[in-house]
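See structure below.
Protein chains: 4
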Amino acid sequence: MIPESDKADHFHDECGVFGVFDHTEAANLTYLGLYAQQHRGQESAGIVSTDGKQFNTHRGMGLVADIFQKSAIKELTGRHSIGHVRYSTSGDSGLRNCQPFCYQYAHGGIAMCHNGNIVNAPELRDELEKKGSIFQSTSDTEVLIHLVARSPGATMQDRLAEAVNRLSGGFSLLVLVEKRLVGVRDQNGIRPLVLGQLDGAWVLASETCAFDLIGATFVRDVEPGEMVVIDEHGLQSLHPFSESAGKFCVFEYVYFARPDSTLEGVNVYQARYRIGVELAKESPVEADLVIPVPDSGVPPAMGYAEASCIPFQMGLIRNHYVGRTFIEPKQSIRNFGVKLKLNPNRELIKGKRVILVDDSIVRGTTSRKIVEMVRAAGAKEIHMRISSPPTKHSCFYGVDTPDANELMANKMNLDEMCKAIGADSLAFVSFEGMYRAVGKQRSLHCDACFSGDYPVPVEGKRSPQLSLLHFHSRRSE
Amino acid sequence: MIPESDKADHFHDECGVFGVFDHTEAANLTYLGLYAQQHRGQESAGIVSTDGKQFNTHRGMGLVADIFQKSAIKELTGRHSIGHVRYSTSGDSGLRNCQPFCYQYAHGGIAMCHNGNIVNAPELRDELEKKGSIFQSTSDTEVLIHLVARSPGATMQDRLAEAVNRLSGGFSLLVLVEKRLVGVRDQNGIRPLVLGQLDGAWVLASETCAFDLIGATFVRDVEPGEMVVIDEHGLQSLHPFSESAGKFCVFEYVYFARPDSTLEGVNVYQARYRIGVELAKESPVEADLVIPVPDSGVPPAMGYAEASCIPFQMGLIRNHYVGRTFIEPKQSIRNFGVKLKLNPNRELIKGKRVILVDDSIVRGTTSRKIVEMVRAAGAKEIHMRISSPPTKHSCFYGVDTPDANELMANKMNLDEMCKAIGADSLAFVSFEGMYRAVGKQRSLHCDACFSGDYPVPVEGKRSPQLSLLHFHSRRSE
Amino acid sequence: MIPESDKADHFHDECGVFGVFDHTEAANLTYLGLYAQQHRGQESAGIVSTDGKQFNTHRGMGLVADIFQKSAIKELTGRHSIGHVRYSTSGDSGLRNCQPFCYQYAHGGIAMCHNGNIVNAPELRDELEKKGSIFQSTSDTEVLIHLVARSPGATMQDRLAEAVNRLSGGFSLLVLVEKRLVGVRDQNGIRPLVLGQLDGAWVLASETCAFDLIGATFVRDVEPGEMVVIDEHGLQSLHPFSESAGKFCVFEYVYFARPDSTLEGVNVYQARYRIGVELAKESPVEADLVIPVPDSGVPPAMGYAEASCIPFQMGLIRNHYVGRTFIEPKQSIRNFGVKLKLNPNRELIKGKRVILVDDSIVRGTTSRKIVEMVRAAGAKEIHMRISSPPTKHSCFYGVDTPDANELMANKMNLDEMCKAIGADSLAFVSFEGMYRAVGKQRSLHCDACFSGDYPVPVEGKRSPQLSLLHFHSRRSE
Amino acid sequence: MIPESDKADHFHDECGVFGVFDHTEAANLTYLGLYAQQHRGQESAGIVSTDGKQFNTHRGMGLVADIFQKSAIKELTGRHSIGHVRYSTSGDSGLRNCQPFCYQYAHGGIAMCHNGNIVNAPELRDELEKKGSIFQSTSDTEVLIHLVARSPGATMQDRLAEAVNRLSGGFSLLVLVEKRLVGVRDQNGIRPLVLGQLDGAWVLASETCAFDLIGATFVRDVEPGEMVVIDEHGLQSLHPFSESAGKFCVFEYVYFARPDSTLEGVNVYQARYRIGVELAKESPVEADLVIPVPDSGVPPAMGYAEASCIPFQMGLIRNHYVGRTFIEPKQSIRNFGVKLKLNPNRELIKGKRVILVDDSIVRGTTSRKIVEMVRAAGAKEIHMRISSPPTKHSCFYGVDTPDANELMANKMNLDEMCKAIGADSLAFVSFEGMYRAVGKQRSLHCDACFSGDYPVPVEGKRSPQLSLLHFHSRRSE
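Read top to bottom, the protein sequences are chains A, B, C and D. Going by our numbering, the first residue of the first sequence is number 130, and it counts up by one from there. Going by our numbering, the first residue of the second sequence is number 130, and it counts up by one from there. Going by our numbering, the first residue of the third sequence is number 130, and it counts up by one from there. Going by our numbering, the first residue of the fourth sequence is number 130, and it counts up by one from there.
So this is what it looks like as structure tokens:
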């Protein structure tokens, strides 16, 4: 899958969260924790910190390193902090929807951010509006804060437990109140949330790679349906949901997570590599070279090469300076969008039979362009191998997939797809192969985007409601 | 009074509003209406427009001309629009508190902005939080939108009437919903609100100068306690308050309003000029020159000169390029802050007995610096004449005055003040003189900042509650 | 004349310079000296400082207060500094033409800036190019630096003397080399240059108002054709030109200079005021009010009012927040451009016979709009009085006037002009009246823009040569 | 070698050039040609275009995609264009030194840019200054333009030939005059320059990867000492230098060039891969994994793995969002600078004997940090293999190397280096191995940074002269 989202053809990244309680450099660690998780969302980022009384917020559109200057970090005082990087999956874009959200309510200040999607947010919002709630954003998080604020619960835990029990979907949630940091993972544990320690302080993150950068020690994954409440007395584990069952998103292994992260006990890089091995066994083909579509195609291509004893080569070179927008010449260049990101090394490719390994095919347009470009570079045969099963269904739990009817695998069979992308052969890894590679039971995972088996009901769902409000603002808040 | 607020010594400007219903260039007219009222607030500005369904917002920190570029105006589509310029009087600073506010609630979209101050906002906020409301800003406007959203009223008018009846203070309010523009003036009519027409469309503004720029016709002042509801059927006048009485802010005549505006039937320039005439009659002094402290001191100085037959001269030259911050040399320059804004023309002043005319003395520090600077320029005698009575009390209705104990007139008698500012004589216009000049009865005005007679109870009031939340954001919302 | 140049109808400001030698806060004083002279050029500004070895430059487009932040001033180290504000009169726009220019040549570093125009710059440039010189800008200053660099003179003074002797035109020039600050005024002294002292350090400026702000003492005007050389041994006065004669620009008194400046012994404000007195004597008219076109029309209007015993009133209110560009509604507003800057106070004007006093009529379009606007505000009669003689000729010495054939007075007689601008009567001050008001002999002045008597030959001159080079750059240099 | 220059320890990139003659989208193609060569310089970029008369320039600090917006490209009209990306190797930083330079001289406009370094620029500059030349920048290019402008040659070719014959060093040069594009490669051909065609138009670039993006056809390398003159009559090949001999920079193969480029007939990726093969043969070691230091270490690591039959794994994960500056926590994180860019995948590494493959060791500090970080991730043994010989000498031909006395290999023998970086073993490829891998004779290359054999005399050279001038500017030029 091509990095730097090619909007025409790929999943977008979802979100990443980070939180720290009782550390002298809370905001700075949060900033680094977000930076290490930047791949989970490049649209906006935000941090809220508190000293136990005052709450400070800094949010902005763009990349973490651009949003947070020294002066901003300096004003984010206090020993507790949460942060968020975001690629919009519900709620329209814009600073107004940047997380974390920070509000004042009857019991003081409250800040919240989450990774994932709340499937029943529109219904909850309607219900709340009927009771007199007003909404400034289109974000699910605002719904949740309203639920907490209206809960009669005596303690923060009670209010939050009552509120999250109203939610259905896949989400990992951080809540910061005056003297407490709370992490909640939905009852299916669809999205990741990991727990660590640094200098005696607790830290929470979406992925372990955030711990590596700051030198924190990984302690364990937060469990599906678990609520960890961290305060001056330490960490308390609660289970507010009536029931829970592990249904971790298998697509985190295939594409989302950073390869150096370890989630639910599985190292992402190794899972990807082993998928390549399985793929080679399931769908061998005679060829001269195995070439990855960088970056997430690299480990499975290496696995494929090892298992098939066909040489692995970096035949597509990635440009590291991809910017937001490029000015295309009028006299158009073939496959311009893809060429800005990838260039085939024609010396390597020409006259060769190549196996291209990518992580998924979504709409199919990018795959078609890559195949075309590699063929123009002189490849004699092109065999496409995909390190996940065909993507036939939309995700409603935090991955920004197009409508099912835009997914190539939803509309075509394998032969039709192969022809459409112009390859000489095409194969996807099987469910069995994928889970063998991951090394865990299929029943513990959500693979709805491949199988259509949705662990949380999504009847009649699709596309977040259109917002009435359009916001444009400028300067510092 | 020195323009471009010298924070050490002067009142800050308050706010200005503008609204238009059913005009093809709604946002552009609002932009110009705000520009013409820029003197009422230079901290931030915002516009919300609607086409009857979708709401668009653009807000920013800074001046109208900087915030609204062509592209921003273009995205503010729709035939209805409201806008706001702001100098914070309640709520801390920042984009988060920029008006207009725009929310979604059970009955659709709602945008609101106001000029003035709601005295009982903290109590209302406490009450709302207890019922489960959450607050993202520290602005009074957010309180009001919550009241409207929670009102059981069947119609927008009912809900708004119920809500505004809960408010006490001085405010002029604009509300924009899908198909309706509403203007409300508090029951005492403390803050101004004027009604006009342009090409058949209704327009509302804080001051008539906004109408002049866009070529609209002034129709009348909105009355104290009146609610004008404008929709496709035209304008409807309601009186939602149980009772009302005119108590217009006399300080608008003295300082706030632009001199070319006419408010409550009185032309501001002429009122100021006549105050100067009264002042000359009440407090004559032998001198060679009458010199205004520009800009609001110009008309009363001219009146004083005419009545006293002493030549009027512009002895203090204003620098038109005053920026936000200036870098003071380490080796400090005497009266640096004042000199950046005003320079005495020493050729004119040296050896002369001068009468300086200013609009008010707040903390007294600026007056002292001006007197010192004029004396250093060679003046033989300096007689200070002030075109308002002594400012002894704080304003709680939308003018950002310091605490009473910081007001020079609250702590000193006339002689002490004269000595403190270093003048040879000092005189203020009397209440009688001021109202004679304005040409209307004192009973129709609020002059609490001079008299302490507060038309709306302010017991135990002062300084808006400190916010728990600090916000900093960047980029476009 | 309307402030904030209305390009359709008015002269543009020229340039301003400032220099200081051997002061611990050289750059900061220069920054303030430029700020005080901002009216002389709002397009760009720059400062060069030196510690006697290293030269530091900071230049930018826009206003002084925006270009120079604390960090920029901090990097402008050294005890010697020169600065410049510019409104392009020769050379096209852009950072590339921002002064001061700073080069390295055989004798070290050299920085230079000037106010005015070198009439024979194109010929000199051609000659230099033939000798192998290359040009990066289109500025006259670059020509001069080349002349200095190619001069065989043994000392800096010799080289500079040789170079300036090649120049013809009107210019005041500052040169900064490692250990010397030089000020040169052209042999006719057309443009101003004043000398002062602060804490023992010498300062040079275009106008005395720069000295007022920093607390420097005015010493004397630099003489026509004088070169003052300041170094560690003090100030030395040289006269490098073969001959010289005072021909000071009378338009500085009428419009350019700040009213609080005193140039060639004449206080600008008082000169303007007395022109109004003369104008009233020469061209009286029965009327109810004398109204200035702010700001330069204010003093002559006051003089006119005093002499005619007709009340003076500020009937046109200036908007202090005029920005660069405004978005005009499609449905156009009459006289939009003028209304953004000035609003007539209709309460004051309606039904009145008014005398409008302005400083000059250039193309006539602005005057026509003002007359139209004042009549729309209800004036019964409008009598226009101009505080300078008719502007019939272009300036080639540093004032950006349109071609003679665009000047209204060049194409029409008085009656035609009166009719064209729509006034009931029109009168200009006479040459005699103007010089009586200034209080000095006509022979000591350049009034070529009124009389066509050019003190420096300008045969065949007009419009600076078109540049081959267009530059656009960004970020910090 | 770590991407995104770690200033403490690595070579910096040099420069890249691109030119096109007679194409309807000249500027846009240049922009894309620079983007594809962004790895050759990230500090600044610029484009000059001409329509045969008017020259247009746009230059800025930063990345190509940020500097050139649509509007900038639009103003770069004309069918001929040259562009430059730069990492300063001579001349200090700043917009003032951004190339291309554009001047006007006796024969019209002239724009120039180059990749490389002119060794005798300081002497030439002194000589020119003595003749009266003035310098605004500290760039070598300005020297060259002066030489051309002062040349008595009758034609552009003559003038340029005379000028380049004065130069000594390593440089590839593009010159754009009104109706001619010229490319010159120094007589040793140290820096690359390639020639291609697109739609009948000639294009010139530093690397072939620029042609791939725009779809141009590679024609041939410009030869050492060749001057190609392109005008409406086609391409003419001249050889202005008295003699010439191929001495191509071997470090382009090792590190500089993009792997998908082919220079002097050698594909960069394949050369790197084969160096890895040679390295494995020369310096084998028993181990579990071969891990590259991305990105330039990837191909040699793959070659090493293949030749040694040890598994290749991406054990260091690169962060793709590295920004300019990061805010380090006070409580410092070990190896923070390196960790921001690379994270070891500890699941892969722990308990393993690893071979790390990098392209070079400069100061050694980064290597030490990487070894430390990999060991902290659990590696049992760490064997460092370097795909170039030890870097013992500075480059004077366009590569920004530190002084020789800062180079680790200049001060230590192999054992000392191994100990200093903390590895269990260390080996560099031999000269023989390297050239075997490249597949060409050593005598055709410059390897002075490894061998000290400088093809162009550099006696007494080092560090470009310190500039007298410091420039800071803002806004658009």
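Beta carbons are placed, not taken as given, at the ideal position from N, Cα and C, and that holds for glycine.
Run through chain D and tell me which residues come within less than 9 Å of residue i, C-beta to C-beta.
i	result
Glu510 (chain C)	The premise fails here: Glu510 (chain C) is roughly 47 Å from chain D at the closest Cβ pair, so nothing lies under 9 Å.
Ile478 (chain A)	Chain D residues near Ile478 (chain A): none, gap ~10 Å exceeds 9 Å.
Below 8 Å on the Cβ atoms is my guess for residue i versus residue j; work out the distance and round it to an integer in Å.
i	j	result
Gly527 (chain C)	Gly245 (chain C)	4 Å
Gln166 (chain C)	Ala416 (chain C)	With 8 Å as the limit, Gln166 (chain C) and Ala416 (chain C) do not qualify as a contact, their Cβ atoms being about 36 Å apart.
Glu336 (chain C)	Ser371 (chain C)	Rounded, the Cβ-Cβ distance is 28 Å, inconsistent with contact.
Thinking just about the alpha-carbon of each residue, which of the options is nearest to the one in residue i?
i	options	result
Gly238 (chain C)	C:Glu307, C:Met546, C:Leu296	C:Glu307
Cys575 (chain C)	C:Cys524, C:Glu154, C:Pro428, C:Pro473	C:Cys524
Gly568 (chain D)	D:Gln326, D:Ser266, D:Cys578, D:Gly394	D:Gly394
Val351 (chain A)	A:Ile343, A:Gly344, A:Gln365, A:Ala386	A:Gln365
Asn474 (chain A)	A:Gln460, A:Ser489, A:Gln442	A:Gln442
Val272 (chain C)	C:Val587, C:Cys242, C:Thr284, C:Ala283	C:Cys242
Val483 (chain B)	B:Lys468, B:Gly493, B:Ile490, B:Ala508	B:Ala508
Tyr382 (chain B)	B:Ser373, B:Tyr402, B:Leu367, B:Ala374	B:Tyr402
Phe347 (chain D)	D:Gly444, D:Asp360, D:Leu327	D:Leu327
Ser517 (chain C)	C:Val491, C:Cys144, C:Pro229	C:Val491
Within 10 angstroms of the Cβ of residue i, are there 16 or more other Cβ atoms? Answer buried if so, exposed if not.
i	result
His607 (chain A)	Nothing about residue 607 (chain A) can be read from this structure; chain A reaches only from 130 to 606.
Leu296 (chain D)	buried
Ser200 (chain C)	exposed
Cys438 (chain B)	exposed
Leu485 (chain C)	buried
Val149 (chain C)	buried
Gly426 (chain D)	buried
His139 (chain A)	In this predicted model, His139 (chain A) has a pLDDT of only 41, less than 50, meaning its place in the structure is not dependable; the value taken from the coordinates is given anyway. Looking at its Cβ environment, which holds 16 or more other Cβ atoms inside 10 Å, His139 (chain A) is buried.
Asp315 (chain C)	buried
Starting from residue i, find everything on chain A with Cβ-Cβ shorter than 8 Å and list it in chain order.
i	result
Gly344 (chain D)	Ile462, Arg463
Ile274 (chain B)	Ile263
At 7 Å on the CB atoms, spell out the chain A contacts of residue i, in chain order.
i	result
Arg279 (chain B)	Gly261
Just to make sure I have the definition right: I need the residues of chain B whose C-beta is within less than 8 Å of the C-beta of residue i. Which are they?
i	result
Ala194 (chain A)	Residues of chain B passing the Cβ test: none, with the nearest at roughly 13 Å.
Check the Cβ of residue i against every Cβ in chain B and list those closer than 9 Å, keeping chain order.
i	result
Glu258 (chain A)	Gln233, Tyr234, Ala235, His236, Ala278
task: Kindly provide the ranges of any beta strand (DSSP E) runs that are 3 or more residues long and lie completely inside the segment 280-358 of chain A, ordered along the chain.
output: Taking 3 residues as the minimum length, the beta strand (DSSP E) runs contained wholly in the segment 280-358 of chain A are 298-306, 309-314, 323-327, 330-334, 346-350, in order along the chain.
- request: Just list the alpha helix (DSSP H) runs in the segment 455-524 of chain A, keeping only unbroken ones of 4 residues or longer that don't cross its boundaries, in chain order.
  value: Runs of the alpha helix (DSSP H) lying entirely within the segment 455-524 of chain A and spanning at least 4 residues, in chain order: 465-468, 475-478, 494-505.
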